[in-house]
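Notes follow the structure.
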Amino acid sequence: MIPTIEPRHERCGACNLCVLACAFHHEGAFGRRSASIEIHKNEREGEVEIVIFDEPRDGHKACDGCLNEDRPLCAQWCPVRALLIRRN
Ligand code: SF4
Ligand code: SF4
């Protein structure tokens, strides 16, 4: 069963650790381009939106739920538990 990630936008501090972890999952290297997760921060309002790609887009890979990992890396690396793992 493929886990899905449920974002809790209000907890996110926009540190981007999840993005780096996701790129590491896909490519074995830290980066941002291939990551299936992206953080959008409205600098004026301070609001953060966590975007997870279900399909490939602009070089981003689709989220595969980190099937080869014990737990999705983005959720493992998030220091504030803003990414919940759902195993439906
Ligand atoms: S579950 Fe894995 S592939 Fe999906 S966004 Fe998180 S780190 Fe990326
Ligand atoms: S690791 Fe957590 S706090 Fe940091 S950007 Fe990702 S979701 Fe937000």
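Quick note on this note's numbering: the sequence shown kicks off at 1 and runs consecutively.
Yeah, the Cβ is synthetic: ideal placement off N, Cα and C, and Gly gets one too.
Proximity winner among the options, relative to residue i (alpha-carbon distances)
i, options, result
"Ala35", "Arg71, Asp64, Leu84, Arg86", "Asp64"
"Phe24", "Asn68, Gly46, Val51, Met1", "Asn68"
"Cys66", "Pro56, Arg57, Pro79, Ile85", "Ile85"
Contact belief for residue i with residue j at Cβ below 8 Å, rounded distance in angstroms
i, j, result
"Ala82", "Arg8", "5 Å"
"Ile2", "Pro72", "Actually they are not in contact, since the Cβ atoms of Ile2 and Pro72 sit about 10 Å apart, beyond 8 Å."
Cβ-based neighbour list, residue i, same chain, cut-off 6 Å, excluding 5 preceding and 5 following
i, result
"Glu38", "Val51"
Inter-residue Cα distance where the pair is residue i and residue j
i, j, result
"Arg32", "Ala21", "9 Å"
"Glu10", "Arg57", "25 Å"
Residues near residue i by beta carbon distance below 7 Å, same chain, minus five either side
i, result
"Cys18", "Ile37, Cys74, Trp77, Cys78, Leu83"
Residues near residue i in its chain [Cβ-Cβ closer than 8 Å; skip 5 each side]
i, result
"Val80", "Arg11, Cys12, Gly13"
* Any residues whose CB sits closer than 6 Å to a heavy atom of ligand 1? List them in chain order? -> Ile5, Ala21, Cys22, His25, Ser36, Ile37, Ile52, Cys63, Asp64, Gly65, Cys66, Pro72, Leu73, Cys74
* Sequence-ordered residues whose beta carbon comes within less than 6 Å of a heavy atom of ligand 2 -> Cys12, Gly13, Ala14, Cys15, Asn16, Leu17, Cys18, Ile39, Ile50, Trp77, Cys78, Val80, Ala82, Leu83
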